[in-house]
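In what follows, a structure is listed as structure tokens, so that the remarks can point back to it.
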Amino acid sequence: MPVILVTNDDGVSSSGIHVLADALKALGEVTVVTPTQEASAIGHALTLRRPLRLESHDTGVWTVDGTPTDCVNLGVDVVLKRKPDLVVSGINKGWNLGDDVTYSGTVAGAMEGALLGIPAIAVSLRRTPEFDFSYAAEAAVTVARAALAHRWRARTFLNINVNTGLPKGFRVTTQARRNHVTQIDSRVDPRGQAYYWIEEALDEWHPDGGRSDYEAVMEGFVSVTPLQADLTDFGAIEGLERLLKTAP
Ligand code: MN
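Going by this note's numbering, the residue at position 155 of the sequence shown is 1040; the numbering climbs one at a time, nothing skipped.
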């Protein structure tokens, strides 16, 4: 029976991870290792300057007072004491599309799995006042089943985004680009000192001809983007080499 490690960045109190874990039990033996507190937008952070505590809860559920990346490492080394066959991170409350994947703790949980050589999937659902995780869980199981049956390229992991309602099907996508707009809410505290809230990014996306994750979810498809941790811009290498040769 395949061994599946499940994590998230919304923490143990989010129902998204428990719906996902229950759905994945159809495919294998599921262990949940999740942050004690919400760690959204924590990216790929690894906790190195303080001790981490691992706590056991219900059967197969563990928490770590750290990040999703910490959870994957403790999950593999301490809880499972072996590499699982699959790492699945989510279901996140809110999409992780395009440029936003660089901030995402959900996506980083899957990325850490991929860096450890384990097939990995991140799953995120559109933010709405009430969350119905059922279609996203179904989509995750379909992709997870495929991942367990056919290994894809080493170090590639999959980023799944799901809209509300019954999906029209799956679409393999690229990352959309957001037109970055920084919006910071400045306020003054009761002692006259300024403080700031960084506003969540606005939904302003570059249209890119129908191939992007953003367009897929907006059209009602489950978006599946193959991602890799290697950020090298291979197309820029030759031009950069020429530029540095002619540099004084
Ligand atoms: Mn989150």
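Built from N, CA and C at the ideal position, the CB exists for glycine as well.
Candidates the options, of which the one nearest residue i by Cα
i: Val1107; options: Leu982, Ser1071, Glu997, Asp1070; result: Leu982
i: Asp907; options: Glu923, Val957, Gly945, His1035; result: Gly945
i: Val939; options: Ala930, Leu931, Gly951, Tyr1081; result: The displayed chain sequence assigns Leu, not Val, to residue 939. For the residues Ala930, Leu931, Gly951, Tyr1081, the minimum Cα distance to Leu939 belongs to Gly951.
i: Tyr1081; options: Ser1071, Gly1094, Asn893; result: Ser1071
i: Ala1134; options: Leu905, Tyr1099, His1065; result: Outside the displayed span of the chain (886 to 1133) sits residue 1134, for which this structure offers no information.
i: Ser936; options: Leu959, Tyr1020, Thr919; result: In the sequence as presented, Ser is not what sits at residue 936; that position holds Pro. For Pro936, the nearest C-alpha among the options comes from Leu959.
i: Met1103; options: Ala1061, Ala1029, Gly1120, Gly1077; result: Ala1061
i: Leu890; options: Ile902, His903, Val915, Ser898; result: Val915
i: Ser900; options: Arg1127, Phe1016, Ser989; result: Phe1016
Any non-hydrogen atom of the ligand MN within 6 Å of residue i CB
i: Asn981; result: no
i: Asn1046; result: no
i: Asp955; result: no
i: Asp1070; result: no
i: Ser925; result: yes
i: Asp894; result: yes
i: Asn958; result: no
Cβ neighbour criterion (16 or more within 10 Å) applied to residue i
i: Pro1004; result: buried
i: Lys1053; result: exposed
i: Ile976; result: buried
i: Ser925; result: buried
i: Pro1133; result: exposed
i: Ile902; result: buried
Beta-carbon proximity check, residue i vs residue j, cutoff 7 Å
i: Thr1059; j: Ala1101; result: no
i: Leu1033; j: Leu971; result: yes
i: Leu1112; j: Asn1044; result: yes
i: Thr948; j: Leu931; result: no
i: Thr991; j: Ser974; result: yes
i: Asn1046; j: Asp1098; result: yes
i: Val918; j: Val964; result: yes
i: Gln1068; j: Glu1084; result: yes
i: Asp943; j: Glu923; result: no
i: Gly994; j: Thr892; result: yes
i: Gly913; j: Met886; result: yes
i: Ala999; j: Arg1040; result: yes
i: Ile1006; j: Val986; result: no
Residues that residue i bridges to, as DSSP identifies them
i: Pro1111; result: Leu1043
i: Asn977; result: Ser1009
i: Asp1070; result: Trp1082
i: Pro920; result: Val949
i: Trp1037; result: Answer is none; Trp1037 lacks a bridge partner.
i: Ile889; result: Val915, Leu971
i: Ser1097; result: Thr1059
i: Leu939; result: Val949
Proximity test, residue i beta-carbon vs the ligand NAP heavy atom, cut-off 6 Å
i: Asn1064; result: With respect to the ligand NAP, the structure shown offers nothing to examine, as its ligands consist of the ligand MN.
Minimum Cβ-Cβ distance from residue i to chain D less than 7 Å
i: Gly945; result: In summary, chain D is missing from the structure at hand, where a single protein chain is found.
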